[in-house]
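Chemist: I have a structure I would like to understand better, so I am pasting it below and will then ask my questions one at a time.
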Amino acid sequence: QQQVKQSPQSLIVQKGGISIINCAYENTAFDYFPWYQQFPGKGPALLIAIRPDVSEKKEGRFTISFNKSAKQFSLHIMDSQPGDSATYFCAASVSWDNDMRFGAGTRLTVKP
Amino acid sequence: NAGVMQNPRHLVRRRGQEARLRCSPMKGHSHVYWYRQLPEEGLKFMVYLQKENIIDESGMPKERFSAEFPKEGPSILRIQQVVRGDSAAYFCASSPSVGLAGYEQYFGPGTRLTVT
């Protein structure tokens, strides 16, 4: 049962451009929405996270936009750099059961 | 660096053998999660444990797979009688025990299991 749908599956962006990755969820009980970045051969690393009481959170070049009514959230990477090339996973969890559901991932390639 | 540690990093087993994967959570973390990742796919939840207790094993196959998190020592994911379909990367994550910080899961580098 896929509870978090992520798109696109892959994304190619020119250096300096904006990378946008979208996720949609089904379970309205989800109350924590993190994004993870994974480089080949490495474990996922927590990048940025948001809770549903805010509509946007920004950390450096990374911004999460959250639309509670649409049950969607997205990651925006501003001024994308080749070093951002990685696989990005969105996730969602319900605080009371600590069970985190992951999207299928987006492979981002930033061309120099 | 007291991050999540996993060993071994790479494990090769023949069909029918047993695989034991170990995970030491971050210092101060008492929640451990195991995930499986197949090539080109996302992370699939397997099991969630606290010290000496399995909280949720809904993602773990009923046969051949087991997990434990003893009072002392690392968490162990055990796969008996491995088959080729078990070949994957297995990631462990840990989180703090209380408060809002309990949401945040920190991942280890993974164990890549290859079954020949």
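In order, the protein sequence lines correspond to chains A and B. If you read the first sequence in our numbering, its first letter stands for residue 1, the second for the next number, and so on. If you read the second sequence in our numbering, its first letter stands for residue 1001, the second for the next number, and so on. Backbone N, C-alpha and C fix where the C-beta goes; we use that ideal spot for every residue, glycine too.
As a quick exercise: from B:1015, B:1089 and B:1105, pick the residue whose alpha carbon is nearest that of residue 1021 of chain B.
Modeler: Start at 1 with the first residue of the second sequence, and residue 1021 of chain B comes out as number 21. With distances taken between Cα atoms, residue 1021 of chain B lies closest to B:1089.
Chemist: For residue 1014 of chain B, is the classification buried or exposed, using 16 other Cβ atoms within 10 angstroms of its Cβ as the cut-off for buried?
Modeler: Here residue 1014 of chain B corresponds to residue number 14 of the second sequence, with the count starting at 1. With fewer than 16 Cβ atoms within 10 Å of its Cβ, residue 1014 of chain B is classed as exposed.
Chemist: In three-state terms, what does DSSP make of residue 82 of chain A?
Modeler: Position 82 of the first sequence, counted from the first residue, corresponds to residue 82 of chain A. Residue 82 of chain A falls in the helix class under three-state DSSP.
Chemist: Near residue 111 of chain A, what residues of its chain come up, given a Cβ to Cβ distance below 6 Å and the 5 sequence neighbours on each side ignored?
Modeler: Here residue 111 of chain A is taken as the residue at index 111 of the first sequence, counted from 1. Cβ within range, chain order: 14.
Chemist: Based on the DSSP output, what are the partners of residue 72 of chain A in its beta bridges?
Modeler: Position 72 of the first sequence, counted from the start, is the residue given in the question as residue 72 of chain A. Per DSSP, A:24 and A:67.
Chemist: Take the Cβ of residue 39 of chain A as the centre, count every other Cβ of all protein chains shown within 10 Å, and call the residue buried at 16 or more, exposed below.
Modeler: Position 39 of the first sequence holds residue 39 of chain A. Residue 39 of chain A comes out exposed.
Chemist: Among the residues of its own chain, which have a CB less than 7 Å from the CB of residue 95 of chain A, if the five just before and after it don't count?
Modeler: As a position in the first sequence, residue 95 of chain A is number 95, starting the count at 1. Contacts found: 31 and 32.
Chemist: Residues of the region 1051 to 1077 of chain B in Cβ contact with chain A at a cutoff of 9 Å, in chain order, please.
Modeler: Cβ contacts with chain A come from 1055, 1056, 1058 and 1059.
Chemist: Ordered along the chain, which non-local residues of its own chain (more than five positions away) have a Cβ less than 6 Å from that of residue 1010 of chain B?
Modeler: Position 10 of the second sequence, counted from the first residue, corresponds to residue 1010 of chain B. Excluding sequence neighbours, residue 1010 of chain B sits near 1112.
Chemist: To the nearest angstrom, report how far apart residue 1106 of chain B and residue 1093 of chain B are at their CA atoms.
Modeler: Your numbering for residue 1106 of chain B matches position 106 in the second sequence. Your numbering for residue 1093 of chain B matches position 93 in the second sequence. For residue 1106 of chain B and residue 1093 of chain B, the distance between alpha carbons rounds to 5 Å.
Chemist: So that I know if they touch, is there some Cβ in chain B lying closer than 8 Å to that of residue 99 of chain A?
Modeler: Stepping through the first sequence from its first residue, residue 99 of chain A is reached at position 99. Interface residue, yes.
Chemist: Using a beta-carbon distance cut-off of less than 7 Å, what residues from the region 1023 to 1051 of chain B approach chain A?
Modeler: Of all residues in the region 1023 to 1051 of chain B, 1031, 1041, 1042, 1043, 1045 and 1048 have a Cβ within less than 7 Å of some Cβ in chain A.
Chemist: Taking the alpha carbon of residue 1062 of chain B as the point to measure from, which residue in B:1071, B:1078 and B:1073 has its own alpha carbon closest?
Modeler: Translated into positions along the second sequence, residue 1062 of chain B becomes position 62. Nearest option by C-alpha distance: B:1078.
Chemist: Mind checking which residues open and close the beta strand (DSSP E) that includes residue 1037 of chain B?
Modeler: On the second sequence, residue 1037 of chain B is found 37 positions in, with the first residue counted as 1. Its beta strand (DSSP E) spans residues 1031 to 1037.
Chemist: Please check if any C-beta of chain B sits within less than 8 Å of the C-beta of residue 32 of chain A.
Modeler: Here residue 32 of chain A is taken as the residue at index 32 of the first sequence, counted from 1. At least one chain B Cβ lies under 8 Å of residue 32 of chain A.
Chemist: State yes or no: is the beta carbon of residue 178 of chain A nearer than 8 Å to at least one beta carbon in chain B?
Modeler: Nothing about residue 178 of chain A can be reported from this structure: the residues present for chain A run from 1 to 112 only.
Chemist: Which residues in chain A have a C-beta closer than 9 Å to the C-beta of residue 1109 of chain B? List them in chain order.
Modeler: For this step, residue 1109 of chain B is matched to residue 109 along the second sequence. Those within 9 Å of residue 1109 of chain B in chain A are 41, 42 and 43.
Chemist: From which residue to which residue does the beta strand (DSSP E) around residue 1109 of chain B run?
Modeler: Position 109 of the second sequence, counted from the first residue, corresponds to residue 1109 of chain B. No beta strand (DSSP E) contains residue 1109 of chain B, which DSSP labels as neither H nor E.
Chemist: Give me the subset of the region 1083 to 1094 of chain B whose CB atoms are less than 7 Å from a CB atom of chain A, sorted by chain position.
Modeler: So the list reads 1091, given in the order they occur along the chain.
Chemist: Would you say residue 47 of chain A reaches chain B, if we count a Cβ-Cβ gap shorter than 8 Å as a contact?
Modeler: To locate residue 47 of chain A, count along the first sequence from 1; it is residue 47. Chain B, which has no Cβ nearer than 8 Å to the Cβ of residue 47 of chain A, makes this no.
Chemist: What is the residue span of the beta strand (DSSP E) that residue 1048 of chain B lies within?
Modeler: On the second sequence, position 48 is the one that residue 1048 of chain B refers to. That run of the beta strand (DSSP E) goes 1043 to 1050.
Chemist: Tell me whether residue 60 of chain A is buried or exposed, calling it buried when 16 or more other Cβ atoms sit within 10 Å of its Cβ.
Modeler: Numbered from 1 along the first sequence, position 60 holds the residue referred to as residue 60 of chain A. Classification for residue 60 of chain A: exposed.
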